[in-house]
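The sequence shown begins at 158 in the numbering used here and counts up by one.
Single-structure report; data block below.
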Amino acid sequence: MLAGLDPEQRAAVTAPAGPVCILAGAGTGKTRAVTSRIAHRALTGDISARHVLAVTFTARAAAEMRARLTALGVGGVQARTFHAAALRQVRYFAPRLLEGRAMPELMESKVRVVTLAAAKVGLRADRAAARDLAGEIEWAKSSLVEPGEYVVAAAKALRETPYEPAKVAEVFAAYERLKRGNGVIDFEDLLRAAVWGIEEHADVAEQVRGQYRHFVVDEYQDVNPLQQRLLEAWLGGRDDLTVVGDASQTIYSFTGATSSYLVDFPRRHRTATVVRLVRDYRSTPQVVGLANAVISQARGTEARLRLELHGQRPPGPEPELRIFTDEPAEANAVAARCRVLIDGGTPAREIAVLFRTNAQSEAYEKALTEAQVPYVVQGAERFFERPEVRQAMVALRAATRSIPGETPVPAAVVEALAAVGWAPDAPPAGGAARERWEALAALVQLAEEYAATPEVVPIGEAAAIERPVTLSDFNDELARRAAQQHVPTVEGVTLASLHSAKGLEWDAVFLVGLAEGTLPTTYAKTPEQVEEERRLLYVGITRAREWLWLSYAAARSPGGRARRPCRFLPQLDRSGGTERAGAGAVRRAERRRPQVVSCRICGATLLAGADRKLGRCPTCPSDLDEELYARLREWRQRVAEAQKVPAYVVFTDATLTALAERRPGRSEELIAIAGIGPRKLGLYGDTVLALVGGATVDDVCPQKSFEI
């Protein structure tokens, strides 16, 4: 069992009984280390497997842990999520604790009861507002905050509340009353009931602690105060506890999760063994180096436990940075590259496109559909399946009967969306309400783009006129897009937010929309919030095993206002390396680029000199004319011999390749190739154009001696 472990993993596995803290970086084999530790202790007789409770945050992680333990020959370990473990215990002890009364029903969602509670206190909350209120209640209960304490606690935590904090507190109190009156409980109540059963009933505590004597907690940086309270109730003052976490992957603080328990573990447990896993087996050294560069600039509490990873895989391609003129161009380029990867043998399921908010998915759903690339949306509904979008499409169809036909389409769409509560001002507070606003704003932007392209209507065999598009035309366009994007797919490219990508990995990852205002979001106002945005990017980078693309659009839409790149974003330099992308780095990069050169295949901005000369990305397919390239090389050799200079002085191999790929037909096209300036255009321009046009070397250079 120990033979296949690296030194750090072996130290974690063989650490003595008692408090153990495993700081495990992304891809460092933490699950292997934890399951091997449990198995090693069980097989050496140190513990009994049936006395182990391993707690994870997802059912998938719990199932993986059980499967690995079974493969190691250890059965009987309870590997469950916090909620699953609490539910099992509460159900078991319910007859004793409730004195024969039936256990309350567990609600799957708070939204319906929250909506009723809001109405009780005079608020008309739509589904998005109800989700935001439910999120606030969940944060409060997870943070052990009661309704009467909410206003002060929210102020201390700098919560961005969907309504005035006092009103949220009223909804919270009404929610609790309605819940009790209906005989139901939520997931936080479930954890509280488990805590209450142990803390207030000595017989329950004795039985639980007799059953579970050794504890393992995965993703410890994501524990909230309520979960920590339950863990302490299980422990009952004992210290046979192994925790595993990575402070640099703390990205759920908005839900109440806090890395403080991980950061303070050695202080709380003075005899703790601390092991750092830093050998990354997931990603190439190039991806690992980029991740290290991003997180090395981190500040704040979590940075105290920052790990510098060491890649263990063979070298791979350098991460790519691509800059596009606007978001549609970015989405189309991503879709085109996905098509190339799939055609080259990469399974679609091993490709992911990751973005900051779910509202960004629509552009990529559309682009992938048009490129005939199958996709699946992870952790969110497809754009046209979202309730607010379906409701908006109904309102838009109804508006064709009430809005004059001559009304410009964008104005008509804004007027129609007013019927569903959308207004073109600042987005509301609250995550769900904001995403709802942004999804409808995406429809308005789509309307503006659609209206900018009048329909061409033929009026005869050789004539046509432009007809302005109408709201009915726009509705037809939406229906077409929705129909295309509802085609079910069994396997496809994963579209996911950075939050929902946590714990997953792919061969190829696209990190898109990396512009200021999106990442970090404009709603990240405090230093702590900004640092969490940095950690989101770090999590996204470490999802990639081999191939990584980072991109942003200089403007949201064609001709739109210019945006700055994400402040955490690496910037490619002339040699193809990376540097940190602060404002100064971007300005220096701009000074190094005398003009913007875009890939003629995918449209990406090219920064490296060789790429700019070729006019394409190094990974985009070449269309080299082999026969023309051979003629150009022969001609160059004759010129070099005549001038008694090395061949590269005439033209470099890269310039010849660019000529054979781009095949310029005019002087303007020739001088557009990097490396061909006015002097060389005057010396060789006519000759090169003749060669591209089909002339032989003997036609343009009949003698071996070539004179200028």
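Ideal Cβ placement from N, Cα and C applies to all residues, glycine included.
CB-CB length for residue i against residue j, believed under 8 Å
i: C178; j: V435; result: Contact flag wrong, Cβ pair sits at about 14 Å.
i: L694; j: V451; result: 6 Å
i: W296; j: T412; result: 6 Å
i: V530; j: A492; result: 6 Å
i: L827; j: I833; result: 6 Å
i: V444; j: I698; result: 7 Å
i: D375; j: G175; result: With a Cβ gap of about 18 Å, D375 and G175 do not count as contacting.
i: W792; j: V857; result: 7 Å
i: D154; j: A712; result: Only positions 158 to 865 of the chain appear in this structure, which leaves residue 154 out of reach.
i: A259; j: T272; result: Between T272 and A259 the Cβ distance is about 26 Å, and since that is not below 8 Å, they are no contact.
i: L511; j: L655; result: 5 Å
Limits of the alpha helix (DSSP H) - the one that residue i falls within
i: R349; result: 344-357
i: H240; result: 239-254
i: S518; result: 518-527
i: Q686; result: 684-698
i: I560; result: Taken as a continuous stretch (DSSP letters only), I560 belongs to no alpha helix (DSSP H), as it is neither H nor E.
i: V566; result: 566-574
i: A220; result: 216-228
Reduced DSSP secondary structure (H/G/I, E/B, other) of residue i
i: V380; result: coil
i: A183; result: coil
i: D664; result: strand
i: W579; result: coil
i: V626; result: coil
i: T171; result: helix
i: I204; result: coil
i: Q548; result: helix
i: R720; result: coil
i: A852; result: coil
i: C495; result: helix
i: Q469; result: coil
i: T188; result: helix
i: L511; result: strand
i: T503; result: coil
i: F725; result: coil
i: A259; result: coil
i: S862; result: Only weak support is given to the placement of S862: the predicted model assigns it a pLDDT of 42, under 50, and the value that follows is read from those uncertain coordinates. Looking at S862 - three-state DSSP - the assignment turns out to be coil, as it is neither helix nor strand.
i: A604; result: helix
i: A787; result: helix
i: T646; result: Here the model assigns T646 a pLDDT of 36, short of 50, so the residue's position is not dependable, and the following value carries that caveat. Here T646 sits in coil by DSSP.
i: A672; result: strand
i: A236; result: strand
i: V231; result: coil
Limits of the beta strand (DSSP E) - the one that residue i falls within
i: I480; result: 477-481
i: G402; result: 398-402
i: R456; result: It is not in any beta strand (DSSP E) - R456 carries neither H nor E in the DSSP assignment.
i: T651; result: 650-654
i: A211; result: 209-213
i: E703; result: 701-710
i: Y532; result: 532-535
i: F372; result: 371-374
Outcome for residue i when other beta-carbon atoms lying within 10 angstroms are tallied against a minimum of 16
i: P561; result: exposed
i: Q378; result: buried
i: P474; result: exposed
i: V796; result: buried
i: A228; result: exposed
i: Q368; result: exposed
i: L159; result: exposed
i: K682; result: exposed
i: D421; result: exposed
i: P851; result: According to the sequence shown, residue 851 is Gly rather than Pro. Its Cβ having fewer than 16 others within 10 Å, G851 is exposed.
i: L419; result: buried
i: P261; result: buried
i: T237; result: Residue 237 is actually Arg in this sequence, not Thr. R237 comes out buried.
i: Y627; result: The amino acid occupying residue 627 in the given sequence is Thr; Tyr does not appear at that position. That one is buried.
For this session: For the stretch 261-335, list the alpha helix (DSSP H) runs that are entirely contained and at least 4 residues long, ordered along the chain.
Result: 268-277, 284-299, 307-313
Problem set entry | Complete runs of the alpha helix (DSSP H) confined to the stretch 796-844 [at least 4 residues] | 804-807, 810-819, 824-828
For this session: Go through the stretch 384-443 residue by residue and report every complete run of the beta strand (DSSP E) that reaches 3 residues or more, in order.
Result: 398-402, 430-434
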